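Visitor: Dumping the structure here so I can ask a few things about it.
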Amino acid sequence: QVTLRAGAQLDAHRVNQYTLTLRAACPGEDEVQERLFVRVMAGQALRCDTPFASVGRSCGAQGSGEPQVPAGTGLLQLCCATEGDVVQVQADVAPRTPLYAVLLQPLGGLTHPSLQFRLRNHNTPLTLTRRGLVLAPDGGFNPSKDTQMFRLEIEVTDRHGHNCSGAVRVEVLPSRCPCVTFLEPQRAVTLQEGTGPLEVVTQVHASGDNVRYAILAPTAPALFTIDEMTGEIRSTRRLEVAHAQLLVRAYNALHPADHDTVTLNITVQGTDRRAPSCVPAVSVTQVPETVSPGSTLVTLRCTDPAGAEGLLNYTLEGPPASRSRFHMEGPRLQVNTTLDYDSEAAAAVGFQFTATIVVMAGGQPPRSTRVPVLVTVTPVNEFTPVCPNGATFTVLETAAFGSAVGRVAGTDSDYPPDSLKYSLEGGPGPTQPFSIDTRTGEIRVVGPLDSQRQKSYRLTVRLTDTRNDLDPTKQRSRLCDVAVRLQAVPDQVPVCTPEVQELRITAELGSRQPVTRLACQGSPDGTMLAYAIAGGNEDGRFRLEGNNLFYLPDDLPEPQTFVLLVEVWVSPGAPRRSTVVALVVHVTPRSTPVPPTTTTQHTTLWKEPLVITRTEAMWHPPAWFVAVLTISSALLLAALGCVARSLLCR
C-alpha cells in the first residue's frame, strides 16, 4: 500500500508525475523490481500564498498574498519574516484600525469562492473580521516603552471544505511622541534618623519632554521639598523616627495635560551605631606549609547589637600576597592556595602573612569591625638532599697535609638552601686519608698518599639536611659516592746543561739587560719547571723570569764578580726535587777597559760515577740432554711416517 507522506504538498503545475521504483523478494526467490507511476492532477484545492503561509521571500516581493490596508491610513510598514507576514505599527495607532488583510489565490485560476476566516489562537487583543481584516484592539495598544509582539494564526476555509492556514506577527513599536511616564508607580525609601537639613533623600525621574516635578500630597509638606527641575527630594530639617507618604507628579511644562504620578513611602528608622563584636578580636595562627587548600584557619563568632547577625558581611583586606593565599567563606578564614615555605615570596615577607578581616553590618551609616590576622607558616622537611652528578676529583700524590681535593656540592629543595651537613662514612684513617668540612663539604688531605700502593679512593659522603623542619629531629639524609684519583709525580730530578756557567757582561745604561737562559729539562712528560735565585743576589742586581736571567743596571764603580745559585724544581710537587745551577757573572762597568776578548768558560763539576748492575737469567742444558732430545725427536718422526704410509696403502 502506497500512501502520501504526512505534511506533503502536491502542486500539479510544478510536478505532475512521480516515478516510484519498488523492489520485492520472497525467501529463497530472486528479487523482483517494478515501477509505479503516480500522476498529479490539478484540482480545486485552496492555497495560501507567500509570505502569509511560507518563508524564504525577500522584502518587497509582489503577489496575491501581500497584505492589503485601506488607502491613506499611512500607519502600516509591511515586510517579510521567517514565519508568516510581519506588520509593524506605532503604539498610538487608533483603535480598530485595519492592520492586515488576508487574500487567497485559488489553484487553476478559478474565481474566489465564499471564504471563512477563523483565528486559531485567542490569546491576543487583536480582532479578525469576516472579510479577513486584522484590526487593532478596541481600546488601542498599551503605550509601553518596549516593543510589543502579537502573533495570529489564521485558518481560511472555502465552501467546499478546502482550507489553508498562515501566520501574521504584529510588532507594536513605542510611540514617537514621548509621554511623561514614571517607570514604577510607587517606591519605598528607607532613611536613618539624624539625616540633616537639605540632605538629598532620594530622586525621582520620569521620561518625556520638558519634565517638571511637584509634590501633590501632602499639600503643605513639612519634612521634604522637591527640586522642580531635577526631581531631587531633600529634607527640610533634621529627621527623627517617622513615616511619611509623598505623591509626586511629573508633567510636561508645555503640555500640562501630559503627566504621571508616583507614590513614595518614606520610612525614617532609628540607628544603632554600635559596631559588631567578634571573638577572637585578634587572630594569630601558626600552620605548616603542607596545609591543604580549603582548610579553615580561624572561625569568627560575631554578633550585631542591632540583632542582624545573618546580615553580616565578611571581607578580607591586606597585601596582595595575603589576599591571594587566603579567602573568606562566610565567617571562616580559609587557605586559598598552597603555602610554600620554600619560595622566595614567602621568604620576602618573613614567612608571615598579615591581613585584616572586615566585618560589615547593614544600615546607614554602615558599621564595621576589623579583626587583624597574622598567619605564620612553619617549615616541613619535604625533600631529601640530592647528590652532585659525577663527583670525581684528582689530587697529586705529593699533596701536602690539609691540601684541598674538591668540594661536594649537594643540594636540597627545602628552605634554607645552605642547611646541609656533610660527613665522611668511616672517618679519616690509613685506608681513607681524607676529611670533609661538615659545613662546606670540602674534602682535604689528612694522610700520606702513594699512587703505587693505591691509585684511587672511593669515599662515601653522607648529606644530612638541618634546620628544614620545626622539629629538629626530623632530618633526611642521602649517601653519595665520591671518587678521588691520585696523580703520580715522577721522581726524576731536573737536569740543567751546564750546571756551572761563567759569564761576562758589560753594564749598559738604561733598562734591564739579559745575561743568560738556563737550559733545563724535567720529566719526559713535559712537567713545568720552576726557577728561583737561592743565593748570591742579596743586593737585588739580578732578576729571574722563568728560565731567563736579567741584570738590572746600577752605578757600579768598578768590575765585580757575582756568584748566583739558581734552584730548579718540578712544579707543582711536594716535597720538591730540585737541582742547583751555579752562575759566575763578571760585570764590568762601561767606563772600565774591557779585555780584548771575552770568553765564556763552562766548567762541569765532577760527579761520582754511578754503577748500574743488571742481572739476566739464562738456561744452559748439559750435552747429554741435547743428544737424548735429538734422538727422541728422530724416532718420533719415523713412527709418524710409517703410520701415514700404512693409511695411504689401505
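The numbering used here puts the first residue of the sequence shown at 2, with every later residue one more than the last. Note that the Cβ used here is the ideal one computed from N, Cα and C, for glycine as well. It should be emphasised that the depicted structure is a prediction, and the values quoted were computed from it without experimental measurement.
Report yes or no: do three or more beta-carbon pairs, one from the stretch 129–143 and one from the stretch 83–100, lie closer than 8 Å?
Guide: Contact holds: three or more Cβ-Cβ distances are below 8 Å.
Visitor: Counting along the chain, where does the alpha helix (DSSP H) carrying Leu630 start and finish?
Guide: On the sequence shown, residue 630 is found 629 positions in, with the first residue counted as 1. Looking at the DSSP string, the run of the alpha helix (DSSP H) that includes Leu630 is Ala624 to Cys650.
Visitor: In chain order, what residues of the same chain have a beta carbon less than 6 Å from the beta carbon of Asp93, not counting five sequence neighbours either side?
Guide: Position 92 of the sequence shown, counting from 1, holds the residue named residue 93. Ser176.
Visitor: Let me check one thing: in DSSP terms, what residues is His587 bridge-paired to?
Guide: As a first step, residue 587 is located in the sequence shown; it is residue number 586 there, counting from the start. Arg505 and Thr562, per the DSSP bridge assignment.
Visitor: Taking the alpha-carbon positions, what's the Leu584 to Phe394 distance?
Guide: As a working mapping, residue 584 is identified with position 583 in the sequence shown. As a working mapping, residue 394 is identified with position 393 in the sequence shown. So the two alpha carbons sit approximately 42 Å from each other.
Visitor: Measure the CB-CB distance between Ala356 and Leu312 and report whether it falls below 7 Å.
Guide: Position 355 of the sequence shown, counting from 1, holds the residue named residue 356. Position 311 of the sequence shown, counting from 1, holds the residue named residue 312. Contact flag unset, no.
Visitor: Which class does Ala484 belong to by DSSP, given the choice of helix, strand or coil?
Guide: Counted from its first residue, the sequence shown places residue 484 at position 483. Correct three-state label for Ala484: strand.
Visitor: Classify Pro321 as helix, strand or coil using the three-state DSSP reduction.
Guide: Numbered from 1 along the sequence shown, position 320 holds the residue referred to as residue 321. Three-state DSSP puts Pro321 in a helix.
Visitor: At the level of alpha carbons, what is the spacing between Ile534 and Gln502?
Guide: By one-based count along the sequence shown, residue 534 stands at place 533. By one-based count along the sequence shown, residue 502 stands at place 501. Looking at the two C-alpha atoms, the distance is approximately 15 Å.
Visitor: Using three-state DSSP, classify Leu687 as helix, strand or coil.
Guide: Since the first and last residues shown for the chain are 2 and 651, residue 687 lies out of range.
Visitor: Three-state secondary structure (DSSP) at Glu345?
Guide: By 1-based counting over the sequence shown, the position of residue 345 is 344. The answer is helix: DSSP assigns Glu345 an H, G or I state.
Visitor: Leu530 and Gly523 look like a contact to me (Cβ under 8 Å); what is the Cβ gap, rounded to whole Å?
Guide: Reading the sequence shown from its first residue, position 529 is the one you call residue 530. Reading the sequence shown from its first residue, position 522 is the one you call residue 523. The Cβ separation is near 5 Å, so the contact holds.
Visitor: Classify Cys650 as buried or exposed, calling it buried when 16 or more other Cβ atoms lie within 10 Å of its own Cβ.
Guide: Indexing the sequence shown from 1 puts residue 650 at position 649. So Cys650 ends up on the exposed side.
Visitor: Determine, for Leu240, whether the minimum Cβ-Cβ distance to residues of chain C falls below 7 Å.
Guide: No chain C is present in this structure, which holds just one protein chain.
Visitor: Could you work out which residue in Asp555, Gln561, Leu565 and Thr528 is closest to Leu545 when comparing CA atoms only?
Guide: As a first step, residue 545 must be located in the sequence shown, where it is residue number 544. It is Leu565 whose Cα lies nearest to the Cα of Leu545.
Visitor: Between Val667 and Cys481, how many whole angstroms is the CB-CB distance? I'm expecting something under 8 Å.
Guide: No answer is possible for residue 667: it lies beyond the span of the chain, which begins at 2 and ends at 651.
Visitor: Taking the alpha-carbon positions, what's the Tyr532 to Val496 distance?
Guide: To locate residue 532, count along the sequence shown from 1; it is residue 531. To locate residue 496, count along the sequence shown from 1; it is residue 495. Between Tyr532 and Val496, the C-alpha separation is close to 13 Å.
Visitor: Can you pull the DSSP bridge partners for Gln2?
Guide: One-based indexing of the sequence shown puts residue 2 at position 1. BP columns for Gln2 are empty, so no partner.
Visitor: Thr580 to Tyr458, Cα distance in whole Å?
Guide: In the sequence shown, the residue the question calls residue 580 occupies position 579. In the sequence shown, the residue the question calls residue 458 occupies position 457. Between Thr580 and Tyr458, the C-alpha separation is close to 33 Å.
Visitor: Within 10 angstroms of the Cβ of Asn124, are there 16 or more other Cβ atoms? Answer buried if so, exposed if not.
Guide: Walking along the sequence shown from the start, residue 124 turns up at place 123. Answer is exposed; the Cβ neighbour count stays below 16.
Visitor: Tell me where the beta strand (DSSP E) around Gly167 begins and ends.
Guide: In the sequence shown, the residue the question calls residue 167 occupies position 166. First-last of the beta strand (DSSP E) with Gly167: Asn164 to Leu174.
Visitor: So the candidates are Ser647, Ser293 and Thr4; which of them puts its Cα closest to the Cα of Thr339?
Guide: Position 338 of the sequence shown, counting from 1, holds the residue named residue 339. Comparing Cα-Cα distances from Thr339 to each of Ser647, Ser293 and Thr4, the minimum goes to Ser293.
Visitor: Check for me: the beta strand (DSSP E) holding Phe384 runs from which residue to which?
Guide: Taking the first residue of the sequence shown as position 1, residue 384 is located at position 383. Element bounds for Phe384: n/a, residue is neither H nor E.
Visitor: To which residues of the same chain is Leu557 closer than 7 Å at the C-beta, ignoring the five residues directly before and after it?
Guide: Taking the sequence shown and counting its residues from 1, the one referred to as residue 557 is at position 556. Closer than 7 Å at the Cβ level, and outside the excluded window around Leu557, lie Ala508, Val588 and Pro590.
Visitor: Would you please state the rounded distance, in angstroms, between the beta carbons of Glu290 and Thr379? I believe it to be under 8 Å.
Guide: As a working note, residue 290 is residue 289 in the sequence shown. As a working note, residue 379 is residue 378 in the sequence shown. Right, their Cβ atoms sit about 7 Å apart.
Visitor: Would you report the Cα separation of Leu247 and Thr231, rounded to the nearest angstrom?
Guide: By one-based count along the sequence shown, residue 247 stands at place 246. By one-based count along the sequence shown, residue 231 stands at place 230. Looking at the two C-alpha atoms, the distance is approximately 17 Å.
Visitor: Does Glu154 come out as helix, strand or coil in the three-state DSSP assignment?
Guide: Start at 1 with the first residue of the sequence shown, and residue 154 comes out as number 153. Reduced to three states, the DSSP call for Glu154 is strand.
Visitor: Please name the residue or residues paired with Glu426 in a DSSP beta bridge.
Guide: Along the sequence shown, read from residue 1 onward, the residue named residue 426 stands at position 425. Beta-bridge pairing links Glu426 to no other residue.
Visitor: Cα separation between Arg132 and Ala25?
Guide: Working through the sequence shown from its first residue, we reach residue 132 at position 131. Working through the sequence shown from its first residue, we reach residue 25 at position 24. So the two alpha carbons sit approximately 53 Å from each other.
Visitor: Going by the DSSP bridge assignment, what does His244 pair with across the sheet?
Guide: On the sequence shown, position 243 is the one that residue 244 refers to. The partner list for His244 (beta bridge, DSSP) reads Thr268.
Visitor: Would you check if the distance between the CB atom of Val269 and the CB atom of Ala307 is smaller than 7 Å?
Guide: Position 268 of the sequence shown, counted from the start, is the residue given in the question as residue 269. Position 306 of the sequence shown, counted from the start, is the residue given in the question as residue 307. The answer is no: Cβ separation not under 7 Å.
Visitor: According to DSSP, Val516 sits in a beta bridge with which residue or residues?
Guide: Position 515 of the sequence shown, counted from the first residue, corresponds to residue 516. Bridge partners of Val516: none, in fact.
Visitor: Would the beta-carbon of Gly315 fall within 7 Å of that of Val374?
Guide: If you number the sequence shown from 1, residue 315 lands on position 314. If you number the sequence shown from 1, residue 374 lands on position 373. What sits at residue 315 in the sequence shown is Tyr, not Gly. Not closer than 7 Å, so no.
Visitor: Taking the straight line between their C-alpha atoms, what separation do you get for His14 and Asp50?
Guide: On the sequence shown, position 13 is the one that residue 14 refers to. On the sequence shown, position 49 is the one that residue 50 refers to. The alpha-carbon atoms of His14 and Asp50 are separated by roughly 15 Å.
Visitor: Within the same chain, show all residues whose beta-carbon is closer than 7 Å to that of Asp305, passing over the 5 residues directly before and after it, in chain order.
Guide: Taking the sequence shown and counting its residues from 1, the one referred to as residue 305 is at position 304. Closer than 7 Å at Cβ, skipping near neighbours: Pro277, Leu313 and Ala362.
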